[in-house]
Each structure stands twice: as structure tokens, then as C-alpha cells.
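> Have a look at this one.
Protein chains: 2
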Amino acid sequence: MVVVSLESVSGGSLNEAKIHDQVYDALSEALIQGKIPPLKPVSLRTLAHNLGVSPMPVREAVRRLIAEKALELQPSNKRLRVPDLTEKRLMQLMTARQWVEPELAYLATARVTKDVIKRLREDDAAVMTALGKGDVSAYMQANQDFHFSIYRLADADLFYDMARTLWLQVGPFMRVVFGRMGTVHLPKDHHQDMIRALETGDAEAVKTSMAADIHEGMELMLDAIKAQVAPEPKRRRRG
Amino acid sequence: MVVVSLESVSGGSLNEAKIHDQVYDALSEALIQGKIPPLKPVSLRTLAHNLGVSPMPVREAVRRLIAEKALELQPSNKRLRVPDLTEKRLMQLMTARQWVEPELAYLATARVTKDVIKRLREDDAAVMTALGKGDVSAYMQANQDFHFSIYRLADADLFYDMARTLWLQVGPFMRVVFGRMGTVHLPKDHHQDMIRALETGDAEAVKTSMAADIHEGMELMLDAIKAQVAPEPKRRRRG
DNA sequence: ATCGCCGAAGTGTGATCACAAAAATAGGCC
DNA sequence: GGCCTATTTTTGTGATCACACTTCGGCGAT
């Protein structure tokens, strides 16, 4: 099954968006959504074929993703794959997320409008629906929408990109963990508290809620990675 | 003058290091050291010619640097250049550095050895020498060595790379500021305090010193960027 | 049946060519 | 002399080819 695709919705032949940007968007979307599992090998030519482009723009997109540590290139071996998460790396990711994302939420508070609140309620409703149906994919999509609706508001490019990079690295593993435990045990998110605090303009409360929300989600993953002491190196075929 | 070069010290024809990695190293070095000023346009073919390689590996290295925001590609315009620093971006960089680098210093404290202390004293001595001679290039090199000697010790890959990326973005501008004001007014660094705290294993003190060191350096740049209200868009030629 | 070897297929990397678009330059007009 | 325009050059982008190396497949020997 092909998990990446190019939605060539925009105009005909005269696209202003470069192909390698489209490939990058498609791949990052797939990675954040956890569509590509950790350790899954990918290849330039295969991706290029699936996306209907030449290997060239794929190389550039992949080079970008490697720089963001969303993909890795094993050293002696020359295979390209999604990196695995060690406990050490996950803890750093957790710490970094707790630095960046509460700050983004804090900054966003001052720029909240009624439209944003409306949008956030919709996103949160989608999250609850997905949880009810046990749809992990829909949950991850809706949760991402909720968070980045806030982050986008902060108008802090550097922090925003840092957050996106962090999600890019966590995504594949988050999908594995959530898929393994099911959506039932997912933490009670703090989205409602956050929306209320955003409405009243209480930036500190927004920041705190965001930190708590992230903390619980990452704690779950930390438990999961500690549990899987030594996952037997079973050979994985194409999923 | 060519500011980037490939030191092909390693073995003959069978290099294990990829060319695009060497190009990347050369370019990042030049950027962190501020060898390439902000807004300076660079081109793939020119770089490739100067480095004696084909444009191909340069493209990959540059794509990586663009992902790290050490270079930018103006949107409609198709010129590649070193990005400028707005006050907003600088403040985010300052905040992020205060997140990451004190933490790295904190983590490094537990792993200090006598060799490291020796190395740090040498680095700090080089810093003082450079300050005495008013050699901005030597100062930036020595200061970088000092900081990253500590960061490397922390054994925290993610944080380390975050710090490196932040320096990559600050480097070109730092060079401009320091070059403009001379080394005389450079802040009294907290390197001595830091070394002492590292020796006694007082991680909190190390963290605090690092935060102070970064804060003062960045404050200088913040003042400088506020001062230059609207630098007249004088056309710059090759430096 | 199992192990080892060898060939075929696939991998990332680098070089080269083609092309549209933007910058730079030169030229002409006011 | 200054400004606009047309031509030339340079730019990034994408495609294609060549190459060294790894991986996987199947055949044969023990």
C-alpha cells in the first residue's frame, strides 16, 4: 500500500510550488501521522515511482528530512529508513517539546480570536469522535490539527518549525504505541481546559495546560518504550 | 576571496565520508564563524567551482542547510542567500539557546574528567588571547570550541544538534555585530566561573553560568539589531 | 537438508544535460 | 545624464546516466 501521494490540486502546468516541496509535504504528513513505522526502509526510487516523479526531487526532500532527523541513513549500510527511538532520545524529545510547545501556546493566547476558538472546538470534537470510534489515524490527525491551530497563531516561526520537527520525530513511534494500546487508554486530554483558558486570555493557564497535555502523552510513550526491552529483531516485510 | 574549502586530509580515493558531507561541514564551519555575512547571495555553481566538486553534492549540502535555516531561498526570487535576522527571530533564537545550552551544560557536569578541564582551560586561554589581540575570527573560533567541548560531553545528541543549528543561525550576524563593535566591548564571559563549577561538580552553578554567558552575548546582539533601524539597502559586492 | 558462494537486482551518490525563470548587463530613448 | 527596455548571463530545478557497493536470490557442494 502506498502511504504517500501528491495531491496536485493546485493549478495545471504552472505550479509555483516546487516538486520537491510537494514531496516533502507528502512525506512529512505521512511521518507525523505515523503512516511509516520506525525502522521501515524506504528507497528513493520506490518513493519516486509511487509519487510519479523522478528520483531527483525525492532526494532533496529526503535530504531535508534527514537533516530534521525524521529519516536516517544507516552508516555503513546505505539503507534509508525511519529512525528508531531510544529511551534517551525520547526523553530529550519530551523535554524539548515541553520547552517549545507551552511557549507557543503562551504566545498564542494574546492573539486568540473567536474564529480560532470555533476552529479549536471543531478540532477537539474531531478528537473526541475519533476516540469514540477507536480510529487511531483520525485521532492523530485531529490532535495534530488542534495543536498546530494554536501554534500557528503564536506567529513565532522558529518555535513553530521546532515543534514541527519534534512532531516529525515522534510521529512514527507515537503511532506504534497508540496503535498497540488502542485509543481507549489514551490520556484525558486537556483540550477543554486549554480552550477555556484561551477564551479568558489566561496565558499562564494555557501554558500549564499545554505542558500537562504533552507530559501525559509523552509519559505514555516513555512507559511503552521501557516496556519493550528488546523487541526481537523480526524481519519486517512491506506493511 | 574564497571562504569555504574542502580539507581532503582523509585517505586517497576510497573516502568513506560522502562529498556532500564534506561540503556541508565546510559550509557550516564558514557560517558559524560568520565567514559569510547575512544577505550575502551564494550560488550552487559558484560554490561547486570553488570547492572543486560538481554542483550535485553542493545541492544536497545546501538543502540541508536550508532545512536548518542557516540558508534561505527567497520565495519568488530564486536567489540563495544567508538569511537576515529580524528582532523577532533573534529573540526566539535567544530563548531557544537559553533552553538548550544551559541544559547541555547541566548534563555535561556529571561526565567531566580532568582532561576536559584541561581542554577547557586551553580553549578559554585562546579566547582571552584572541580578545587581547582584537582578533574577532580567532575569538569566535575559540569561543565555539569552549562551548562545544562542554556540549559534546553531555552525550545528548538531540540537544547537541539543536545547539549547533542555533549557532548556525546566529553565527553570521554575531560576526557582523562583534566586528562592528570590536572585541574590546565584548562581555566578560563566565568561562572561569563555569570551569570552577564543572570542577566541583556543581551542576546548577554550571547551568546558571552558561545561561548568564549566553544571555549577555545575545543581549549585545539584541541591542545591535535594535540600533540598526533601517540599514540602507546599499548594494553589496563580493567581499 | 544445510551451508557457502556467486550472480542479479537494488541502493545511494555523483556528474552531466536541458530548461524556464530571474538577475545582470548593455543599449537606446527621452 | 537618467530611466526604461531588450538581450545575455546566471540561477535553481528536474531528468537521466554511470558507478561502487550492499542485499537478496538461487544454485551447487558437502
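Residue numbers (our numbering), protein chains in the order written: chain W, 92 to 330; chain P, 92 to 330.
Where is the CB? At the ideal position from N, CA and C, for every residue including glycine.
Keep in mind it's a predicted model, so treat the numbers as computed, not measured.
Does any residue of chain W bring its CB to less than 8 Å from the CB of residue 159 of chain P?
Answer yes: the Cβ-Cβ gap between residue 159 of chain P and chain W drops below 8 Å somewhere.
> Could you tell me the alpha carbon to alpha carbon distance between residue 96 of chain P and residue 202 of chain W, rounded to whole angstroms?
Answer to the nearest angstrom: the Cα atoms are 46 Å apart.
> Give the single residue among W:308, W:289, W:161, W:198 whose Cα lies nearest to the Cα of residue 243 of chain W.
Here the closest residue by C-alpha is W:198.
> Could you tell me the alpha carbon to alpha carbon distance between residue 228 of chain P and residue 112 of chain W, rounded to whole angstroms?
The alpha-carbon atoms of residue 228 of chain P and residue 112 of chain W are separated by roughly 36 Å.
> Per the DSSP calculation, residue 133 of chain W is bridged to which residue(s)?
For residue 133 of chain W, which the question treats as bridged, DSSP gives the partners W:171.
> Check whether the stretch 138 to 158 of chain W touches the stretch 148 to 161 of chain P, counting contact only when three or more Cβ pairs, one atom from each stretch, lie closer than 8 Å.
The stretch 138 to 158 of chain W vs the stretch 148 to 161 of chain P: in contact.
> Report the neighbours of residue 187 of chain W on chain P: residues whose CB is nearer than 9 Å to its CB, in chain order.
Going along chain P in sequence order, the residues near residue 187 of chain W (Cβ under 9 Å) are 190, 191, 249, 250, 253.
> Please name the residue in W:178, W:160, W:226 whose C-alpha comes closest to that of residue 272 of chain W.
Taking only the C-alpha atoms, the option nearest residue 272 of chain W is W:226.
> Closer than 7 Å by beta-carbon distance: list the chain P residues that pair up with residue 184 of chain W, in chain order.
Result: 249.
> Are the Cβ atoms of residue 146 of chain P and residue 267 of chain P separated by less than 8 Å?
No, Cβ-Cβ distance for residue 146 of chain P and residue 267 of chain P is not below 8 Å.
> Using a 10 Å radius around the Cβ and a threshold of 16 neighbouring Cβ atoms, would you call residue 220 of chain W buried or exposed?
So residue 220 of chain W counts as exposed.
> Taking all protein chains shown into account, do 16 or more other C-beta atoms lie within 10 angstroms of the C-beta of residue 223 of chain W, making it buried, or fewer, making it exposed?
Exposed is the call here.
> Considering only residues of the same chain and omitting the five flanking positions on each side of residue 316 of chain W, which have a CB-CB separation below 7 Å?
The answer, listed in chain order, is 176, 178, 181.
> So which residues on chain P does residue 180 of chain W lean against when the C-beta distance must stay under 8 Å?
Result: 248, 249.
> Going by alpha carbons, who is nearest to residue 280 of chain P out of P:135, P:241, P:119, P:234?
It is P:234 whose Cα lies nearest to the Cα of residue 280 of chain P.
> Hey, residue 191 of chain P and residue 237 of chain P: beta-carbon distance below 8 Å or not?
Not in contact: residue 191 of chain P and residue 237 of chain P (Cβ atoms no closer than 8 Å).
> Please return the same chain residues whose Cβ sits closer than 7 Å to the Cβ of residue 260 of chain P, not counting the five positions on each side in sequence.
Once the five neighbours on either side are set aside, the close Cβ partners of residue 260 of chain P are 160, 161, 184.
> How big is the Cα-Cα spacing for residue 194 of chain W and residue 126 of chain P?
Answer to the nearest angstrom: the Cα atoms are 33 Å apart.
> Could one say the Cβ of residue 295 of chain W lies closer than 8 Å to chain P's Cβ atoms, at least one of them?
No, no contact with chain P.
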